[in-house]
Every structure is written in C-alpha cells, then in structure tokens.
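First residue of the sequence shown: 5, per this note's numbering; consecutive thereafter.
In this text, a Cβ means the ideal position worked out from N, Cα and C, and glycines have one as well.
A short worksheet on the structure shown next.
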Amino acid sequence: MHILFAASECTPFIKSGGLADVLGSLPQSLQKLGHECIVVLPKYADMKGAEDLEYVTHYDIYISWRKKYCGVFKCVRDNVTYYFIDNEEYYGRPGLYSYDDDYERFAFFDYAVLELISHLQLEVDILHLHDWQAAMIAPLYRERYAMHPYYDDIKIVFTIHNIAYQGKADPKIINSIFGLPDYLYENGNLRNGDCFNMMKSAILYSDIITTVSPTYAKEILTDEFGEDLQYILRIRMNDLYGILNGIDYVINDPKTDPNLIQSFDVDTIELKAENKAALQKELGLVEDPEVPLIGVVTRLTWQKGIDLIINRLDEMMKRDLQLVILGAGDYQYEQAFENVAKKYPDKLSVNLKYDFGLSCRIYGSCDMFLMPSLFEPCGLSQMMSMRYGTIPIVRETGGLKDSVQPYNEYLMTGTGFSFAHYNAHEMMDIIDYALQVYQQKDQWKHLVENAMNEKLDWEKSAKTYERLFNDLLNR
Ligand code: ADP
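Here's what the structure looks like:
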C-alpha cells in the first residue's frame, strides 16, 4: 500500500503531545511491514533534527483569491519519506499553534498536501489524516480534487486523537479561506450546531474514522464524552474503529535511555534504585530508597485530572511518600502547585516546564506514576511508565482502561492500579492501596515485572491498521 500521512506534528521534528509520538512511530512500523509511507508536515521554525532537509519544488496555493508561495522540502528516515511544507509567513514563528490565523495556516497546509500529490506524481492509496489541522483535506478532496483523474480513488482515513479539539470556526471562512461554497454549510456537511466544524466535516467525508483506543471509540458515541459530535459519530459508527497506540521501544528503553544515569531491564530491576537516588538528589528531595516516589508528567489541563491531584495534595503529603510533578499548561494549575510546593520542600517537587530529559528520568526512577484523567483518548505516559517498571495509578477511562490491567493480589496478575469514578476520594483510596502493596516487597517486584513484560510497542497496532487499510481498499 502507498500511505500518505498528513499531520501537524511528528517526532523527532516537533512535538506538543501524543499526536507527534504516533506520527513518529506508526509510519515507520507500517513501512517495516512492507508499505510505502510518506509523512507531510508544516516546516516550522522550531523543528529539531531537520538540518539536512533537501529542497524539492515549489508551487502556488490559493487561499481564496490570494496567491501564496508553497515550498517543499524533504528528508528520509528509516525508509520513510518526510515532506515539509514551507511558507515563512505561516510557519516561520515560534511553537506550533495558538496564533490568531491558525485556521488559515492549516487551510494552507491542507491544500498544500493535496497539491503535493499531483506535483510530485505521488501514488497514494490511503490518505491518513490526523486531528482538526488535517481534517479539511477530506472535504477538499471530495469536493474539489476527487473528480480529477490524478486523484481518482484515494481512500480517506481520519484519526481522532482528541475530540476536545475540533477546529470550530466562523462559517465565513468556509469560502474566504477554504474556498468552498457556502451551501456546504447550509446543507449541514461542514456545520455542527451553529458553527463551521472541521472535525465534524472529516467524520462525514472520510471513508473510515479511527480513534486511538477501543474504549475511547465507545466513549465518544456517548453524550458524556462526545463533545457534540456523538450524533454524527453514531451515524458513522459502522465505520468507526478504536486502535490502541503503542510507544516507541527504541526511544523508551530503560536499557539504552541516555537520560538515565543507570540503565536497567526486567532482569536487573534492582539497579533502578540508583536512578531514584539521583532523581531525589537532583530535585532536592530527601534521599531515601525506601520512601515510595510517585511521578506525574502531564500537560496541566482539566482533561488530565489535575483538579483531583490538587484537591488531595495536602492529604497525600500526610502519607509517607514523595511526589514529583512535571507539567506545563494552565496558569491556575501552575499557581496552585507552586503554592503547595512551598509547604513541603522535602517531599514535593514541582517542575513547571516542558523537559524531555526530566520526563525520562521520572519514568526511569519513580515507583509509581499517577494519571487520574477525566478523559484520555489513549495516553502514552502510562505506557512509558510501565516500560520503565513504574507502576501506573490511573482512572478507568479511554486508553488508560485499555492499557493498564488492575492488580489482582490473589492471582498476582495486573500491571497497575485503577479507579472508576472521577472522584478525589476514590483516587486517594487507590493510592493508599498501592502504597500498601508497595510495602510487600515480593508482591511489588512481581507487579513491576508484569508491567515491564507487557508488550506495548507498535507491532500489534500497526498490524491492525494494516488489516483495516487492506479491507478498505478491497471494499
Ligand atoms: P497528551 O497527548 O494528551 O498530552 P499523552 O499521554 O498521549 O498525552 O502524551 C503525552 C506525551 O507528552 C508523553 O510522551 C509525555 O511524556 C510528554 N509530556 C507531557 N508533558 C510533558 C512535560 N511537561 N515535559 C516533558 N514531556 C511531557
């Protein structure tokens, strides 16, 4: 198969969240299965690891009547070809998103991807679109490209990584930016409620829709999680699939991770204690091998259950434990953590920043990892923790439910701890239970081995995507 992925972020070049990790791994895994994979990204100013880009071509893109320059650059990594869409005005700025003209920046990207196919004469069987930034490629393809011979018979797959970010906009831009006729709003194709909605449009116009865990695929059909897209998703539910993400086993490997002072694996778990001691020292916590060390690595946003943590922070500090938080995001959460951190300098370390190295040291040093999300499409952090033998404590939602098997002390099965309701008391109860099991050294070691032996790489997921794409092409 010839698969073209269009997305707004991808490791190792640029990342704001789990979307980048998926784009960094899935194409490579499918390529290994014998398919030709191409990834198209905007050429952001802040990219890393892209010093060797080679100029390929340039062409014009029309944003309505305005003509814009579109350059194309290229590199190849592990046999996957990456094309970068260049335009200084749109992408020559710091960071990825949160600019007033984001919709125009990604409308340009969407057109650039479609134009790339004919300019470079690419063979494409599957066009795999990710989140709202690439969503409009689906209606643009059907309304403006599919009738041209060169674009004949491309199948469109749209993946929802997080339904909370839909690309809701003023209907005026359907014509003024996307150059599509207004009747597509009036007839409901591009409309949800009383606004233009890019994710809704992709759900309607794609051949199949996937999301990043089986449980989330069910949740988004409900009023509680659907974010007003449950109605259109219910119409398309026979074409909706949930496939759990994996993690990159090369980057996330306690045996080779250069961010750890001591490497280890499932046969040498005892060596992890050296990392714990080093992290306690680095963060100014009391250096104590016995005290359970709990880690949190997260965006600080309501989705991640930060309210539950803040609500129980004083209570947690009464326990014999240490807590390290690494996160950046909403101001009110940052303030709340900063205020409490002052009270407990020996046992609470708050790090309000984005720091990849520190995130690896947390996964590779802590005993437990707390992730009490309100909702979680897939979640990668809990899987990274398991890979490093750091036991996840999660709420049973989305991919957390699909990836963490609750510990059963009688059967000695399971890979972590979980609680059902979004409730601070329930969270505290399960933390207390985890602390109790932690004291049983043999049981705990068994649990850590279970977590580290869990297969969380991309192999299984890539094969599921492969099957799905094959079925789609044979429809
Ligand atoms: P989401 O995509 O919703 O943020 P995921 O769990 O799917 O959540 O992925 C989050 C990724 O971002 C993980 O790789 C995690 O380690 C990383 N991450 C989140 N916050 C930080 C931070 N402050 N510093 C470093 N890495 C972070």
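Ligand 1 heavy atom lying under 7 Å from the CB of residue i
{"i": "MET388", "result": "yes"}
{"i": "VAL301", "result": "yes"}
{"i": "GLY383", "result": "yes"}
{"i": "LEU330", "result": "yes"}
{"i": "PHE229", "result": "no"}
{"i": "SER4", "result": "Beyond the ends of the chain as shown, which are 5 and 479, falls residue 4; an answer cannot be given."}
{"i": "TYR59", "result": "no"}
{"i": "PHE268", "result": "no"}
{"i": "ASP22", "result": "For clarity, residue 22 is Gly in the given sequence; the question names Asp instead. Because some heavy atom of ligand 1 lies under 7 Å away, the Cβ of GLY22 counts as near it: yes."}
{"i": "LYS405", "result": "no"}
{"i": "TYR337", "result": "no"}
{"i": "PHE373", "result": "no"}
{"i": "PHE360", "result": "yes"}
{"i": "LYS285", "result": "no"}
{"i": "LYS357", "result": "yes"}
{"i": "ASP257", "result": "no"}
{"i": "ASP25", "result": "yes"}
Simplified DSSP assignment, three categories, for residue i
{"i": "GLY171", "result": "coil"}
{"i": "LYS204", "result": "helix"}
{"i": "CYS382", "result": "coil"}
{"i": "PRO218", "result": "helix"}
{"i": "THR468", "result": "helix"}
{"i": "ALA277", "result": "helix"}
{"i": "GLY299", "result": "strand"}
{"i": "GLN32", "result": "helix"}
{"i": "GLN326", "result": "strand"}
{"i": "ASN166", "result": "coil"}
{"i": "SER422", "result": "strand"}
{"i": "PRO153", "result": "helix"}
{"i": "PHE341", "result": "helix"}
{"i": "VAL26", "result": "helix"}
{"i": "ILE121", "result": "helix"}
{"i": "ALA438", "result": "helix"}
{"i": "ARG195", "result": "strand"}
{"i": "LYS159", "result": "strand"}
{"i": "ILE313", "result": "helix"}
{"i": "PRO293", "result": "coil"}
Residue i classed as buried or exposed, judged by whether at least 16 other C-beta atoms fall within 10 angstroms
{"i": "LEU264", "result": "buried"}
{"i": "TRP69", "result": "exposed"}
{"i": "ASP50", "result": "exposed"}
{"i": "SER377", "result": "buried"}
{"i": "LEU27", "result": "buried"}
{"i": "PHE200", "result": "buried"}
{"i": "GLN443", "result": "exposed"}
{"i": "PRO262", "result": "exposed"}
{"i": "THR302", "result": "buried"}
{"i": "HIS429", "result": "exposed"}
{"i": "MET202", "result": "buried"}
{"i": "PRO258", "result": "buried"}
{"i": "LYS204", "result": "buried"}
{"i": "TYR187", "result": "exposed"}
{"i": "THR219", "result": "buried"}
{"i": "PRO185", "result": "exposed"}
{"i": "ARG97", "result": "exposed"}
{"i": "ASP114", "result": "buried"}
{"i": "GLU58", "result": "exposed"}
{"i": "GLN440", "result": "exposed"}
{"i": "LYS176", "result": "exposed"}
{"i": "ARG479", "result": "exposed"}
{"i": "ALA424", "result": "exposed"}
{"i": "SER369", "result": "buried"}
{"i": "ILE239", "result": "exposed"}
{"i": "ARG399", "result": "buried"}
{"i": "MET388", "result": "buried"}
{"i": "ARG365", "result": "buried"}
{"i": "HIS62", "result": "exposed"}
{"i": "ALA24", "result": "buried"}
{"i": "TYR95", "result": "buried"}
{"i": "GLU342", "result": "exposed"}
Proximity test, Cβ basis, 8 Å: residue i and chain B
{"i": "ALA221", "result": "Absence of chain B from the displayed structure is noted, only one protein chain being present."}
*Fully enclosed by the region 345-401, which beta strand (DSSP E) runs are 3 residues long or longer?*
DSSP runs (the beta strand (DSSP E)) wholly in the region 345-401: 352-355, 372-375 and 395-399.
*Return the chain-ordered ranges of every alpha helix (DSSP H) run that is complete within the region 36-119 and spans a minimum of 4 residues.*
Fully enclosed alpha helix (DSSP H) runs of 4 or longer: 92-95.
*Note down, one range per segment and in chain order, each beta strand (DSSP E) of at least 3 residues found wholly within the region 230-272.*
Complete beta strand (DSSP E) runs here, min 3: 244-246.
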